[in-house]
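Student:
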DNA sequence: GTAATGTGTTTTTTT
DNA sequence: AACACATTAC
């Protein structure tokens, strides 16, 4: 296959770049994923590079899968299998599993998620005798997290601490880290930091990986943090074949430690770097691109650049001013139905918002309207209660020292073991130098406990022992299936019998299926590998592009995706830009980039909505439309304003409620377009006067020619 | 030791 | 509005 035929000149330059550092500045929709896939395929096919000598870092697992598939398609066959491709976290996890023992990381380490981490922080505060009111756990946790993003260690952080709070955080961090280590656990940041430490302290390991990876490619480079930066530069240090791709305008993870300087200063890091700029957009209409550009150009300190496209002008951007959140949701649902009845596919439509909480109203409206939808994110699959409960048992079998999991497993199903018993156990275990699980098996320990408690403990220890045996020989999926029964968890849910409980059983079955799939795709059947994999699943990894439904998700999750029709909802001051971002240095710029990312997801049609009142924590408050909306030139937009309920039924169209029925959101029709009117039937547009809200179209129907006010006439595009 | 009730808090965004 | 956490009652 000719890998270059379908590429434009700069894309081709990037693909055939012989070696040495390469920076690809790729604007939204400029085909960067394609270029990366083609470059890898080219290296393999034309340069004869062995796939296992390539390391590619993507932002999500989903992107990793897609990349692998694209490369396979380009080359024909499953060529990309031996190539390492995944997120920073997944790749570091793999390295640590293989080589972590050298720095004392057990290969079956568990990964603590946000909730687990919070518990450890609170334990640490407790141990230090710090009052949670004076030292909020959330604040302590985030201070530690930010420091880790910058690849600091406790000692250096403590040394440079300037405030009282920072000194406190340093002490908490110290205990936090000791606790994690004692439990054989790592948090997300540790995956990177421990890998860096491994590479630093064991030059032989560093050299092995450096030697192996002749090419290192990194996608979404604008969203890498300091630790990730160091990782890339360490691994590419030998061959110097680092290819990084990114767009400073799409940097939206600063709050997570992402440092846009990584991309802006790549040329300083590598003075001999080749820079390729991809400025042609293949995704969006001229109108959408112009609107997006109008917004982003308000940001200072950006690489000045302007995307262009040879695509059509397309239709204007719709701006809808809703009465409130519910009205906004009704508008969205009505517009979706309009488009699907005109032949659009549900999977081509996305509804985006700033915060997860905003998904509720559109969800309800979709439900009412019978529109199938999927929500990406909000409650993550593996963070569901039932999943975490079962995982707690499994984690214990892999890692007996995991106290967070022990506490969790002991609590559900209820076994009559509470804090009192647990503390007695812990005290005895410490005294005798046993691990907790070990103490549970000692007769002399059990004897000292009340009879009922002792029997419950025995039973629990037996369950863990059975599962541990199973985990030693069986693949993860079978261990999980067994755990559902052995722990009594499934019985508990069945007895409960509520719809919710049955849903939970469903989720647990799904977990078994997921395990089977992961076993197949990774070829690593063990429970430890599965658990580590599971902890690294991102929200957007659950997005099913092939499902026949509308997609609801946050602006963050939407990065890297595209849809013919995109709604961006809640464009109000305080929401987008978010109020919490406004008092952070540079926060507004990042909100604007987020908005830009949202706009540039749209291929054909972009609909922006905001509400006049918005419920915050249950109580309604007046909302002002987002400054980002004001930044879009009116020439590019069509505005629709909701009519308040009290004006309903005056004069016209008294059918039903909701904006879809009472006031027709304005569509635009070109002269010649075939249209359908509910009363007059099919016709053809012969003239358009004015535009937007006040437009009047003249339509020739089979019987008569009519002049119709677009905002009131029940007129649609005919399919 | 558990279930029920009450209170306060929360929302940015996520690997 | 929804949820986590604490207190209270059993």
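In the working numbering, the protein residues as written are 46 to 764. We treat Cβ as the ideally placed atom computed from N, Cα and C, and that holds for glycine.
Once DSSP output is grouped into helix, strand and coil, what is the label at residue 148?
Tutor: Residue 148: helix per DSSP, three-state reduction.
Student: Helix, strand or coil: how does DSSP classify residue 580 here?
Tutor: Helix, per DSSP.
Student: For the 8 Å Cβ check, are there 3 or more pairs between the stretch 563-580 and the stretch 367-378?
Tutor: No, they do not touch.
Student: Using C-beta distances below 6 Å, list every residue in its chain close to residue 466, excluding the 5 sequence neighbours before and after it, in chain order.
Tutor: If we look at residue 466 and ignore the five residues flanking it on each side, its Cβ neighbours are 498.
Student: Kindly identify the DSSP beta-bridge partner or partners of residue 320.
Tutor: Note: residue 320 sits in a beta bridge opposite 68.
Student: Residues in the same chain with beta-carbon distance under 8 Å from residue 80, minus the five sequence neighbours each way, listed in chain order, please.
Tutor: Correct list, in chain order: 52, 56, 59, 60, 69, 71, 290, 323.
Student: Buried or exposed for residue 375, please, with buried defined as at least 16 other CB atoms from any protein chain shown within 10 angstroms of its CB.
Tutor: When all chains shown are included, residue 375 counts as buried.
Student: Three or more C-beta pairs under 8 Å: does that hold for the stretch 640-649 against the stretch 330-340?
Tutor: A contact exists between the stretch 640-649 and the stretch 330-340.
Student: Just to check my reading of the structure: residue 331 and residue 359 have Cβ atoms closer than 8 Å, yes? What is that Cβ distance to the nearest angstrom?
Tutor: Confirmed, Cβ separation roughly 7 Å.
Student: Applying the 10 Å Cβ sphere with the 16-neighbour rule, what's the burial state of residue 54?
Tutor: The residue is exposed, with fewer than 16 neighbouring Cβ atoms inside 10 Å.
Student: State the DSSP-derived secondary structure class of residue 433, mapped to helix, strand or coil.
Tutor: The answer is helix: DSSP assigns residue 433 an H, G or I state.
Student: To the nearest angstrom, how far is it from the Cα of residue 147 to the Cα of residue 87?
Tutor: Computed Cα separation, rounded: 36 Å.
Student: Beta strand (DSSP E) containing residue 606: first to last residue?
Tutor: Unbroken run through residue 606: none, as it is neither H nor E.
Student: Taking the continuous beta strand (DSSP E) assigned at residue 665, which residues delimit it?
Tutor: Per DSSP, residue 665 belongs to the beta strand (DSSP E) from 664-667.
Student: Among the candidates 615, 481, 505, 110, whose CA atom is the shortest distance from the CA of residue 660?
Tutor: For residue 660, the nearest C-alpha among the options comes from 615.
Student: Contact check, residue 268 vs residue 133 under 8 Å by CB: the rounded distance?
Tutor: With a Cβ gap of about 10 Å, residue 268 and residue 133 do not count as contacting.
Student: Could you tell me which whole beta strand (DSSP E) segments of length 3 or greater appear in the stretch 460-543?
Tutor: Whole beta strand (DSSP E) segments, 3+ residues: zero.
Student: Any idea what DSSP makes of residue 762, helix, strand or coil?
Tutor: Looking at residue 762 - three-state DSSP - the assignment turns out to be strand.
Student: Which partner residues of residue 155 appear in the DSSP bridge assignment?
Tutor: DSSP lists 230 as partners of residue 155.
Student: I need the DSSP call for residue 598, collapsed to helix, strand or coil.
Tutor: Reduced to three states, the DSSP call for residue 598 is strand.
Student: At the level of alpha carbons, what is the spacing between residue 761 and residue 264?
Tutor: Distance between the alpha carbons of residue 761 and residue 264: 42 Å.
Student: Go ahead and pull the three-state DSSP assignment for residue 22.
Tutor: Nothing about residue 22 can be reported from this structure: the residues present for the chain run from 46 to 764 only.
Student: Can you check whether the CB of residue 596 is closer than 8 Å to the CB of residue 389?
Tutor: No.
Student: Let me know the alpha helix (DSSP H) ranges lying completely inside the stretch 218-277, each 4 residues or longer, listed in chain order.
Tutor: Whole alpha helix (DSSP H) segments, 4+ residues: 233-246, 248-257.
Student: Excluding the five sequence neighbours on either side, which residues of its own chain have a C-beta within less than 6 Å of the C-beta of residue 560, listed in chain order?
Tutor: 521, 522, 525, 575.
Student: So, with DSSP's three-state summary, where would you put residue 708?
Tutor: Its pLDDT being 35, under 50, residue 708 is placed unreliably by the model, and the measurement read from it follows with that caveat. Three-state DSSP puts residue 708 in coil, outside helix and strand.
Student: For residue 780, which three-state DSSP category applies?
Tutor: This structure cannot settle anything about residue 780, because the visible part of the chain is limited to 46 through 764.
Student: Which residues does DSSP pair with residue 353 in a beta bridge?
Tutor: Answer by DSSP bridge pairing, in chain order: 325.
Student: Roughly how many whole angstroms lie between the Cα atoms of residue 469 and residue 568?
Tutor: If you take the alpha carbons of residue 469 and residue 568, they lie about 43 Å apart.
Student: Leaving aside the five residues before and after residue 106 along the sequence, list all residues of the same chain whose C-beta is less than 8 Å from its C-beta, in chain order.
Tutor: Same-chain partners within the cutoff: 131, 132, 135, 581, 582, 583, 586.
Student: Three or more beta-carbon pairs under 8 Å between the stretch 163-170 and the stretch 181-191, yes or no?
Tutor: Result yes; three or more Cβ-Cβ pairs closer than 8 Å.
Student: Under the assumption that residue 557 contacts residue 578 (Cβ atoms under 8 Å), give the Cβ distance between them as a whole number of angstroms.
Tutor: With 8 Å as the limit, residue 557 and residue 578 do not qualify as a contact, their Cβ atoms being about 15 Å apart.
Student: For residue 799 and residue 612, which I take to be in contact (beta-carbon distance under 8 Å), what is that distance rounded to the nearest angstrom?
Tutor: The question about residue 799 has no answer, for the chain in this structure spans 46 to 764.
Student: Residue 683 lies in the beta strand (DSSP E); which residues open and close that run?
Tutor: Where residue 683 is concerned, the enclosing beta strand (DSSP E) stretches over 682-686.
Student: Got a sec? Which residues, its chain only, sit under 7 Å from residue 343 by beta carbon, not counting five neighbours each side?
Tutor: Result list for residue 343: 637, 676, in chain order.
Student: What does a CB cutoff of less than 6 Å around residue 434 pick up in its chain, not counting 5 residues either side in sequence?
Tutor: The answer, listed in chain order, is 457.
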